[in-house]
Each structure stands twice: as C-alpha cells, then as structure tokens.
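The structure under discussion appears below in the form of structure tokens.
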Amino acid sequence: MNASAIRYIQTTNQTVVIQRLEPNTRYELVVRLHADQLSSPWSSVVHQRTLPAAPSHPPEGVRVSLIEDGTALVSWSEPEENNLAVTHYTILYASQRAWLAGHWQTLQREGSNTMVLLERLEPGNVYLVKISASNLVGDGPFSSAVELALGPGPRHRGKSPRHSDSRSSSDTTVFSDGLYHMDQKSMAGIMVGVCITLACIAICALILINKGRSRYISILFFFFYRNLLL
90 MNASAIRYIQ TTNQTVVIQR LEPNTRYELV VRLHADQLSS PWSSVVHQRT
140 LPAAPSHPPE GVRVSLIEDG TALVSWSEPE ENNLAVTHYT ILYASQRAWL
190 AGHWQTLQRE GSNTMVLLER LEPGNVYLVK ISASNLVGDG PFSSAVELAL
240 GPGPRHRGKS PRHSDSRSSS DTTVFSDGLY HMDQKSMAGI MVGVCITLAC
290 IAICALILIN KGRSRYISIL FFFFYRNLLL
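The sequence shown begins at 90 in the working numbering and counts up by one.
See below:
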C-alpha cells in the first residue's frame with residue numbers, strides 16, 4: 090500500500106463520515122482502538138467502492154480544423170478524471186447568428202470516439218463548437234466554446250475551388266479585351282475587302298460595256314481570284 094495515499098482519522102465515536110473521496114474508486118478501511126497510550130492491532134481490511142458520479146470536468150483540448158470547403162474536423166481528449174467511464178460525447182455547434190437565437194445543432198459520438206466531422210457549413214460564417222462528456226450517471230459540463238471562421242465561398246466552382254477568384258476574373262478581362270481588339274481588326278479587314286470587291290464589280294461592268302461579254306468574264310474572274318488571294 091502506498092503510504093502517501095493513507096489517511097488517518099481519529100474520533101471518539103463509533104461512526105465517522107469520510108469525505109472528499111474519489112467517485113468510482115475502491116478503498117480499503119481498517120480500524121484500531123487507542124486507550125491509555127496503548128493501541129490494539131488493526132482490524133481486518135474492509136473493501137468499499139464509492140459510487141460513480143457524472144463527469145465533473147469537460148473534455149480537454151478541443152480543436153476545430155477546416156479540412157475542405159464546408160467541412161471541419163473536431164477533435165478532443167477525455168476529461169482529466171480518474172476511473173471515468175465515458176459512455177458518449179455530446180457536440181453542440183452553431184453559427185454566431187444561430188447561437189444568439191439559441192439554436193444549436195447536436196451530434197453524439199460513443200465514448201471511444203474523440204473526433205467528429207461537421208459538414209455543410211456555410212461560408213462566410215463564424216461557428217462555435219463545445220463538447221461535454223457523459224456516463225451512466227449523468228452529463229458533465231460543456232467545454233468553452235471554440236470558434237471557427239469560414240471565409241467567403243468561391244464565386245465559380247470548378248476543379249480547384251481553393252484558388253482565389255481575383256486572378257481568374259483578371260484573366261477573363263484580359264482575354265475579353267483581346268477578343269474585342271481582334272474583332273475590330275477583323276471588321277476592318279472585311280470592310281476593305283468589300284470595298285475592293287465592289288470596285289472590281291464596277292470596273293468589270295465598264296469593261297463589259299466597252300469590250301464585250303467574254304472579256305468581262307475573264308477580267309471579273311481575275312479580279313475575284315486576286316481579291317481572294319489578298
């Protein structure tokens with residue numbers, strides 16, 4: 090027996106109340122008589138286990154980590170108590186707006202599990218998370234609330250949702266400007282081509298009047314062919 094764990098209580102009564110015992114803990118008790126500076130031998134050992142109690146401390150080391158858009162991982166350790174058999178954990182979480190209105194979402198996990206996923210979290214919100222441990226006797230206190238701030242969601246969802254939108258929108262603007270300038274050049278070329286074609290038709294009409302139909306066809310073909318090459 091560890092001598093440092095022995096507690097001595099003296100009384101003149103035949104009964105005594107022993108306080109500040111640990112719950113769900115096995116104790117050994119012995120008694121002896123003192124009279125006129127003499128002491129009797131110790132009695133036989135009596136074993137007694139105290140009743141279990143609800144957890145008196147919250148879970149330790151609560152952490153919340155964002156693992157992808159809209160999903161967070163919550164992890165914790167069991168309360169710092171001896172002989173505590175946790176049956177389940179209760180996880181409460183809510184956005185700040187819902188928390189102010191008193192609306193919490195609830196999850197429960199078995200006592201052997203010390204992590205949980207929070208899914209479908211809305212971007213742009215700050216979430217609060219707290220956890221309590223329970224056993225067959227009752228529920229323990231909740232831990233202090235841990236905050237998780239979610240950034241704004243991506244404007245355009247694609248294969249790389251974590252990329253910033255600012256760069257994508259800038260590239261799109263430059264690409265659109267390039268198309269605009271390219272369309273201006275194309276329209277200018279088309280207008281020049283149309284003018285040349287009309288001029289050729291006018292010249293050919295004059296030639297048809299002056300030199301006959303056969304000459305007109307050959308010259309018309311020549312000018313159209315040359316225009317196509319240009």
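Cβ coordinates follow ideal geometry from the N, Cα and C atoms, glycine included.
* Asked: Count the other CB atoms within 10 Å of the CB of T82; is the residue buried (16 or more) or exposed (fewer)?
  -> Limits of the chain in this structure are 90 at one end and 319 at the other, which puts residue 82 out of reach.
* Asked: Does the beta-carbon of T203 have 16 or more other beta-carbons within 10 angstroms, so that it is buried, or is it exposed?
  -> Counting from one through the sequence shown, the residue named residue 203 turns up at place 114. That one is buried.
* Asked: Taking the beta strand (DSSP E) that L207 falls in, what are its first and last residues?
  -> Within the sequence shown, the letter at position 118 stands for residue 207. Run containing L207: 204–207, per the beta strand (DSSP E) assignment.
* Output the distance between the C-alpha atoms of I220 and Q197, rounded to the nearest integer angstrom. => In the sequence shown, the residue the question calls residue 220 occupies position 131. In the sequence shown, the residue the question calls residue 197 occupies position 108. Cα to Cα, the separation comes out at about 9 Å.
* Span of the beta strand (DSSP E) holding R152? -> If you number the sequence shown from 1, residue 152 lands on position 63. Where R152 is concerned, the enclosing beta strand (DSSP E) stretches over 149–157.
* Taking three-plus beta-carbon pairs below 8 Å as touching, is the segment 141–154 in contact with the segment 163–179? -> yes
* If we count the other Cβ atoms within 10 Å of its Cβ and call it buried at 16 or more, is G229 buried or exposed? -> Within the sequence shown, numbered from 1, the residue matching residue 229 stands at position 140. G229 is buried by the Cβ-count criterion.
* Can you name the start and end residues of the beta strand (DSSP E) that Q194 belongs to? -> Within the sequence shown, the letter at position 105 stands for residue 194. Run containing Q194: 194–199, per the beta strand (DSSP E) assignment.
* Between which two residues does the beta strand (DSSP E) containing L239 stretch? -> Counted from its first residue, the sequence shown places residue 239 at position 150. No beta strand (DSSP E) holds L239; DSSP gives it neither H nor E.
* Between the CA atoms of G227 and H172 - distance to the nearest angstrom -> If you number the sequence shown from 1, residue 172 lands on position 83. If you number the sequence shown from 1, residue 227 lands on position 138. Looking at the sequence itself, residue 172 is Asn, so the reference to His does not match. Each residue's alpha carbon lies about 15 Å from the other.
* Asked: When the Cα atoms are used, what is the spatial distance from V105 to V205?
  -> Counted from its first residue, the sequence shown places residue 105 at position 16. Counted from its first residue, the sequence shown places residue 205 at position 116. Straight-line Cα distance between these residues: approximately 47 Å.
* **A94 burial status per 10 Å Cβ neighbour count (16 or more: buried)** => Within the sequence shown, numbered from 1, the residue matching residue 94 stands at position 5. With fewer than 16 other Cβ atoms within 10 Å, it is exposed.
* Taking one C-beta from the segment 174–193 and one from the segment 115–133 each time, how about it: are there three or more such pairs within less than 8 Å? -> no
* **Whole-angstrom distance between V175 and T139, CA atom to CA atom** => Residue mapping note: residue 139 aligns to position 50 of the sequence shown, counting from 1. Residue mapping note: residue 175 aligns to position 86 of the sequence shown, counting from 1. Distance between the alpha carbons of T139 and V175 is about 17 Å.
* Beta carbon of L237, beta carbon of L155: below 8 Å? -> Taking the first residue of the sequence shown as position 1, residue 237 is located at position 148. Taking the first residue of the sequence shown as position 1, residue 155 is located at position 66. Yes.
* Going by beta carbon distance, what residues of the same chain come within less than 7 Å of A143, once the five residues before and after it are set aside? -> Taking the first residue of the sequence shown as 1, we reach residue 143 at position 54. So the list reads N224, V226, G227, D228, G229, once near-sequence residues are dropped.
* Asked: Which of the three DSSP states, helix, strand or coil, is assigned to S259?
  -> Numbered from 1 along the sequence shown, position 170 holds the residue referred to as residue 259. Its pLDDT being 40, under 50, S259 is placed unreliably in this model, and the value from its coordinates should be taken loosely. In the structure shown, S259 sits in a helix (DSSP, three-state: H, G or I).
* Asked: Under a three-way DSSP split, which group does T100 fall into?
  -> Position 11 of the sequence shown holds residue 100. Coil at T100, not helix or strand.
* Asked: Residues bridged to Q332 by DSSP?
  -> This structure gives no information on residue 332, because the portion of the chain shown stretches from 90 to 319.
* Option in E170, T179, G200, N113 with minimal Cα separation from W193 -> As a working note, residue 193 is residue 104 in the sequence shown. Among E170, T179, G200, N113, the Cα nearest to that of W193 belongs to T179.
* Asked: Start and end of the beta strand (DSSP E) containing E117?
  -> Taking the sequence shown and counting its residues from 1, the one referred to as residue 117 is at position 28. Unbroken beta strand (DSSP E) run through E117: 115–118.
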